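In my numbering, the protein residues as written are 2 to 394. Think of the CB as a built atom: it goes at the ideal place given N, C-alpha and C, for glycine as much as any other residue. Quick caveat: nothing in here was measured; it's all calculated off a predicted structure. Here the structure is laid out as C-alpha cells; the discussion comes afterwards.
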Ligand code: AMP
C-alpha cells in the first residue's frame, strides 16, 4: 500500500510517498515560500535505489497550486493519504479516519494552534479534491501525549479555565516522540511497554518527554509549542508575570510580545543566532554570548532530564533526536556532564562520531543507555495511517 504523507505549514508543503509493503520511499518533496513572489520546489523520485531530483524556483501562489504541482510530480499510485495535524485537543487519542466530524473538530481547535491547524485543514480539503475516494487519515501531534495524567497536564489556574477554555498542557512533537521511543525499545531488544525512556526532540523547536512503558507521562511543551526548554527562537518556560511586566513597561502590544517570545527569543534572543552550527562557530571565535546561549540551552535540557528521571522513578534510557539531538555532540556532552547521580555516563569518543544511523553513546559503566536515534515522523504517520485503515476498512 502506497501512503502519501502530507505536512502543510503556513507557507510550506512537505510530502513523502511511502510503499509500506516494501518499506521503501518512492518520492519526497518540499515546497517553500508559498504565497511569496518566488517559491522553491524540490522534488525527488526514487526508483531502484536511484534518486531523480527536480529543483525549481517559481512563484507558487497558494496551497492549491502547491498540491497540484505535487500531484503532477508523483508518478506512482497513491492508495491513501496521511495528514500531520498539529492540534487535536482532547478529542483524539489516536490517528483517525477523516470525515466531516473530524474536520469540524480540527477547525474547532484552530484557536489553540492558529498558525498550524488552519493550513493542516486546507491540506486535508485539497487532498480530498485531488484524490477523490482515497481514504484520508489525520495523525495529530498531540495524540501521543493524551496519556498524561491530570496532575501533569493541568495548570494551577482556576479549574474552570480548564473546563471552559480547555487551558491545559497538550504537548507537541508527539509523532516524533512515539517513533523514537518505539524504535529505541526495539533496538534495545524490548517491547515499548518494557522500558522507561526520556526522549529529547531537539531541533529548531525542542521538547522533552517522559515515556513510561510506551506511554507519555509528561512533556515539556504546554498548551502551545512555546513552553518548555528554550529553543532556536522561542523562549521556552518563563515567569508568567514577565508578559504583563513587558506590556506595562515597554509599550509593546500583546501581538508584539508574542512575536518576541516566538521569533526573537531562545538561542537567538541571547546571541543573535538560532542555528547551533553558527553559534558554535561564533563561540569558537570567543563570542561570550554565543557561549552563554549554549550553556543555558544545555543547562535547561539537563534540568528536564533530572525532573523526568524523578517522574519516571526508573529510567532505562535517554534518546536524542531531531537536528540538534542527532548532530550536535557539544550540546549532548554539556547536557550530560556530571550526571552520574542519575547513572548517566557518556562515552565522549562515541558521542563525537557523526552518523545517520541509530547508535548508543553511553560509556561501559553507564547504568542508563544513551541513544541517538534519527526521527522519522513521515514513516510514523504512514504506519499509523495503515493501522487505521486496517481497523476501519
Ligand atoms: P530541525 O528543526 O530538527 O530541522 O533542526 C534544525 C536545527 O538543528 C538547526 O537550527 C541547527 O541548530 C541544528 N542542526 C542541524 N544540523 C546540524 C549539524 N550538522 N550540527 C549541529 N546542529 C545542527
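Have a look at residue i and residue j and give me their C-alpha separation to the nearest angstrom.
i	j	result
residue 382	residue 170	22 Å
residue 143	residue 60	33 Å
residue 46	residue 265	37 Å
residue 77	residue 92	34 Å
residue 372	residue 38	43 Å
residue 307	residue 221	13 Å
residue 6	residue 121	12 Å
residue 1	residue 4	Outside the shown range of the chain, which is 2 to 394, sits residue 1, and nothing can be said about it.
residue 1	residue 259	Examination of residue 1 is not possible in this model, given that the chain is present from 2 through 394 alone.
residue 24	residue 2	10 Å
residue 186	residue 255	44 Å
residue 113	residue 335	34 Å
Report all residues from its chain with a CB closer than 7 Å to the CB of residue i; omit the five preceding and five following residues, and keep chain order.
i	result
residue 103	97, 139
residue 370	189, 317, 318, 361, 363
residue 271	290, 293, 294, 297
residue 65	127
residue 52	45
Which residue or residues does DSSP assign as beta-bridge partners of residue i?
i	result
residue 363	347
residue 216	213
residue 44	30, 55
residue 8	15
residue 322	202
residue 98	138
residue 81	4
residue 20	3, 25
Since residue i contacts residue j with CB under 8 Å, what's their CB separation in whole angstroms?
i	j	result
residue 385	residue 17	Actually they do not touch by this definition, with Cβ atoms about 14 Å apart.
residue 322	residue 374	6 Å
residue 117	residue 87	4 Å
residue 232	residue 206	5 Å
residue 219	residue 312	5 Å
residue 168	residue 162	5 Å
residue 35	residue 63	7 Å
residue 72	residue 14	At roughly 11 Å, the Cβ-Cβ gap does not stay under 8 Å, so residue 72 and residue 14 are not in contact.
residue 263	residue 239	Incorrect: roughly 12 Å between the Cβ atoms, too far for contact.
residue 90	residue 111	Between residue 111 and residue 90 the Cβ distance is about 10 Å, and since that is not below 8 Å, they are no contact.
Looking only at its chain, what residues have a beta carbon closer than 8 Å to the beta carbon of residue i, apart from the 5 residues adjacent to it on each side?
i	result
residue 366	346
Considering Cα atoms alone, identify which of the options is closest to residue i.
i	options	result
residue 123	105, 19, 150	105
residue 193	173, 206, 214, 174	214
residue 225	42, 115, 39	115
residue 332	353, 315, 7	353
residue 1	100, 21, 229, 84	Because the chain in this structure spans residues 2 to 394, residue 1 falls outside the shown range and cannot be described.
residue 79	253, 19, 32	19
residue 359	67, 368, 336, 327	327
residue 32	197, 350, 69, 351	69
residue 173	242, 357, 210, 157	210
residue 195	315, 391, 324	315
residue 84	348, 135, 9, 324	9
So, at 6 Å on beta carbons, what are the nonlocal neighbours of residue i in its own chain, with the 5 sequence-adjacent residues on each side left out?
i	result
residue 147	94
residue 177	202, 376, 378
residue 237	229, 230, 231
residue 184	374
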